[in-house]
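Student:
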Amino acid sequence: MHDPTPAGLDRPTLRSRLFSRPRTVVLSGIAVLAVIAGAAFVGGQGQPEDQSQLFSDGFPMARPMAASDAQAVTFSAVGDSITADHAYPEQVAQRIVGERSWAVFAQEPGTSFVGGWALGGATTADMLAGYSPISSDVLVLIAGTNDIRAGVPFEKIGENLQAIVSQSDSDRVLVSSVPPRDEFRARTVEYNAWLHDFVLEQGWGWIDGSRGLRDSTHPEVYAAGLSYDGTHPTAEGGRILGSAVQAALGTQPTAQDTPVDLP
């Protein structure tokens with residue numbers, strides 16, 4: 025999903041972001057005291073693995089600490105800016121994501137984020153082209169919102185998701201609904217309903233992870249305070265989505281068990 029760009033700055037093309045090196049600055053020896061929505065980084069007693077503050081294009085990043093518990097459920101992720109939050113694919117592969125990413129909040133005792141592929145603005149076709157399998161217990165997919173923007177037919181999105189899963193090195197697949205998007209409210213609702221049925225047909229795990237992000241009166245939009253632009257979650261929105269994913273990682277949710285909360 026496209027990141028907001030300050031006035032006067034040119035937005036890099038998706039192709040240039042795909043093939044450019046990530047501009048990451050590591051400030052060694054600085055203790056991390058960053059707080060997300062009133063809570064420190066989750067996992068590893070609230071600090072990134074290397075005890076350093078990470079940045080990508082000026083945006084704060086986080087690397088959730090790898091779980092020391094050998095029994096922890098490992099999860100990889102494929103997605104867009106909802107997952108990356110300004111990180112580049114090379115960073116996501118190394119478990120580095122933006123501090124508002126749901127992946128930060130899905131990292132809890134008993135679960136461990138092992139990386140994946142994600143980039144702001146990416147469609148499922150971009151994900152398929154860039155994805156390299158990472159061994160994990162669960163592959164988490166939150167994808168399709170940029171396909172909606174590009175007018176990609178749902179059936180083609182499904183084909184791309186099938187191709188990604190066929191390449192994966194994961195024991196299970198967990199697919200989440202996508203968050204609301206102000207620009208494409210009705211189409212996003214339609215997509216989530218279609219995705220629910222598609223996931224059921226594939227036999228994958230389903231979770232309506234975006235349910236907690238929606239306004240109770242107008243579920244086609246975000247609830248107040250959970251998005252900074254009508255498309256991307258705030259840190260609190262990331263926490264809600266990540267907590268929903270984390271709760272599902274240790275189970276095998278099905279589409280029948282967790283229907284989409286439609287307007």
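In terms of our numbering, the sequence shown has 280 at position 256, counting the first letter as 1, and numbering is strictly consecutive. From the three backbone atoms N, C-alpha and C, an ideal C-beta is built for every residue, glycine too. If you're wondering where the values come from, they're calculated on a predicted model, not measured in any experiment.
(1) Under three-state DSSP, which class holds V213?
(2) How many angstroms separate the CA atom of W126 from the CA atom of G227?
(3) Rounded to the nearest angstrom, what separates V197 and V102 at their Cα positions?
(4) Runs of 3 residues minimum, wholly inside the region 122-148: which ones carry the beta strand (DSSP E) assignment?
(5) Give a yes or no on contact between the region 132-140 and the region 112-122, applying the rule of three or more CB pairs nearer than 8 Å.
(6) I need the straight-line Cα distance from A217 to F99, nearest angstrom please.
(7) According to DSSP, is W218 helix, strand or coil?
(8) Select from G145, S201, G122 the residue whose C-alpha is nearest the C-alpha of P243.
(9) Could you please give me the residues that DSSP links to V176 through a beta bridge?
(10) Roughly how many angstroms lie between the CA atoms of D109 and E225, to the nearest whole one?
(11) Counting Cβ pairs closer than 8 Å, one from the region 230-240 and one from the region 170-185, do we hit at least three?
(12) Can you round the beta-carbon distance between V199 and L219 to whole angstroms, since I take them to be within the 8 Å contact cut?
(13) Please report the distance separating the alpha-carbon of G254 from that of R263.
(14) Could you give the distance in angstroms between the alpha-carbon of D195 and the alpha-carbon of A94?
(15) Using DSSP bridges, identify the partner residues of G266.
Tutor: Considering the structure as presented:
(1) One-based indexing of the sequence shown puts residue 213 at position 189. DSSP places V213 in helix when its eight states are reduced to three.
(2) Mapped onto the sequence shown, residue 126 falls at position 102. Mapped onto the sequence shown, residue 227 falls at position 203. When rounded, the distance between both Cα atoms is 24 Å.
(3) Locating residue 197 in the sequence shown gives position 173, where the first residue counts as 1. Locating residue 102 in the sequence shown gives position 78, where the first residue counts as 1. Each residue's alpha carbon lies about 11 Å from the other.
(4) 135-142
(5) yes
(6) For the purposes of this step, residue 217 is identified with residue 193 of the sequence shown, where counting begins at 1. For the purposes of this step, residue 99 is identified with residue 75 of the sequence shown, where counting begins at 1. Cα to Cα, A217 sits roughly 25 Å from F99.
(7) Start at 1 with the first residue of the sequence shown, and residue 218 comes out as number 194. Of the three classes helix, strand and coil, the one that applies to W218 here is helix, per DSSP.
(8) Working through the sequence shown from its first residue, we reach residue 243 at position 219. The shortest C-alpha separation from P243 is found at S201.
(9) Locating residue 176 in the sequence shown gives position 152, counting from the first residue. Note: V176 sits in no beta bridge, so no partner.
(10) Taking the sequence shown and counting its residues from 1, the one referred to as residue 109 is at position 85. Taking the sequence shown and counting its residues from 1, the one referred to as residue 225 is at position 201. Approximately 30 Å between the Cα atoms of the pair.
(11) no
(12) Indexing the sequence shown from 1 puts residue 199 at position 175. Indexing the sequence shown from 1 puts residue 219 at position 195. About 7 Å separates the two Cβ atoms, so the contact holds.
(13) Looking up residue 254 in the sequence shown gives position 230. Looking up residue 263 in the sequence shown gives position 239. Going from the Cα of G254 to the Cα of R263 covers about 17 Å.
(14) Looking up residue 195 in the sequence shown gives position 171. Looking up residue 94 in the sequence shown gives position 70. The straight-line gap from Cα to Cα measures roughly 16 Å.
(15) For the purposes of this step, residue 266 is identified with residue 242 of the sequence shown, where counting begins at 1. For G266, which the question treats as bridged, DSSP gives no partner whatsoever.
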